[in-house]
Amino acid sequence: MHELDKAIFEVFTGSGATFAANLRPYLSLVLEIYGAFEIIHRFIQWRKKEEERRNLKRSLALMFQKKLDKARNDLEKLEDDIAYAFGALFVYSVAIPPFEPKEKARDIIKQLENDYIEMAESMRELMRLVKKHEKMIVSALELDETKIMLLEGLSDAFEKEKPDIEALTDYLPLIAQEMQKTEKKRKAFSRELAKGIGKFNSAYELVKINRALGIDRHYKRCFKKAAKHSFKEFSRKFNECRFS
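Following our numbering from start to finish, the sequence shown increments by one per residue and tops out at 268.
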């Protein structure tokens, strides 16, 4: 078994499993908010048409857009922090240790905390506006019961300075629906990132390192196949496939 692959496997079945569980609440929260953003974006488009048709001077659509843009930017910062934390676990635990391990870990946590607080503040501002105009949003978009519940849940959760996480837990089943809706975007990102990194690696000849390590298609296929088994069985299954 390749030493790098072995290290990766040990990290993600050991400390990585605990780490992933600790980040799960952030992912769940982000997915709930993501669903609300889709609704608000649709309302803004409807409101713009209405304001243009009625020649209104005071633009409610613009007010919503500013609040939505701020909340989306802050949410994306939090998403970046989560992605960085996952990536840091992979890079710093498996291959390249940071020069100051404890300080680096504390920095990552501090950034996550700061951006979470910032996101909660911008969400409170946005959901305050949503709550004020909820009847108009529901009527204009003809929202079903599930979407109404989502908006109401987020409005209640972000009503105070500190988000009411307990209130949000009632709406966690909605996350499965949001995961299905975002599948295309997630796959598109994965393909584009893989393609871009592949081109970069080829342009700067970094692929030679993979060849030197013997990481070819057959090797990766065997690793994936063996990973389905327990850790004790992993090495045997991997070698059986590798040298068959």
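Cβ atoms here follow ideal geometry from the backbone N, Cα and C, with glycine treated the same way.
Note that the coordinates shown come from a computational prediction; the quantities given were computed from them, not determined experimentally.
Here F123 is exposed. Its C-beta has fewer than 16 other C-beta atoms within 10 Å. The three-state secondary structure of K184, taken from DSSP, is coil. Annotation: N225 to I233 spans about 10 Å, alpha carbon to alpha carbon. With 16 or more other Cβ atoms from the protein chains shown falling within 10 Å of its own Cβ, S179 counts as buried. Here K91 is buried, its C-beta having at least 16 other C-beta atoms within 10 Å.
Burial state of F213 is exposed, judged by a 10 Å Cβ sphere holding fewer than 16 other Cβ atoms. Exposure of K186 is indicated by the presence of fewer than 16 other C-beta atoms within 10 angstroms of its C-beta. If the five residues before and after I132 are omitted, its C-beta is found closer than 8 Å to the C-beta atoms of D105, Y108, A109 and A112, all from its own chain and listed in chain order. Y228 carries a coil assignment under DSSP once its states are collapsed to helix, strand and coil.
K252 and P125 have their C-alpha atoms some 32 Å from each other. In the structure shown, T206 adopts coil according to DSSP, grouped into three states. Contact check for Y140 and L102: beta-carbon distance about 6 Å, within the 8 Å limit, so the pair qualifies. Following the DSSP letters along the chain, one finds Y116 in no alpha helix (DSSP H), marked with neither H nor E.
In this chain, the alpha helix (DSSP H) harbouring R148 covers P125 to K156.
Listed in chain order, the alpha helix (DSSP H) runs fully inside the segment 33-113 are 39-78, counting runs of at least 4 residues. Around the C-beta of F267, fewer than 16 other C-beta atoms lie within 10 Å, and the residue is accordingly described as exposed. Excluding residues up to 5 positions away in sequence, D105 lie with their Cβ nearer than 7 Å to the Cβ of Q135 in the same chain.
For V115, there are no CB contacts under 8 Å within the same chain when 5 residues up- and downstream are skipped.
Put simply, of Q69, D98, L80 and D93 the residue whose alpha carbon is nearest the alpha carbon of V54 is D98. If you draw a straight line from the Cα of E149 to the Cα of F88, it comes to about 10 Å.
The segment 167-179 makes contact with the segment 57-71, as at least three CB pairs between them are under 8 Å.
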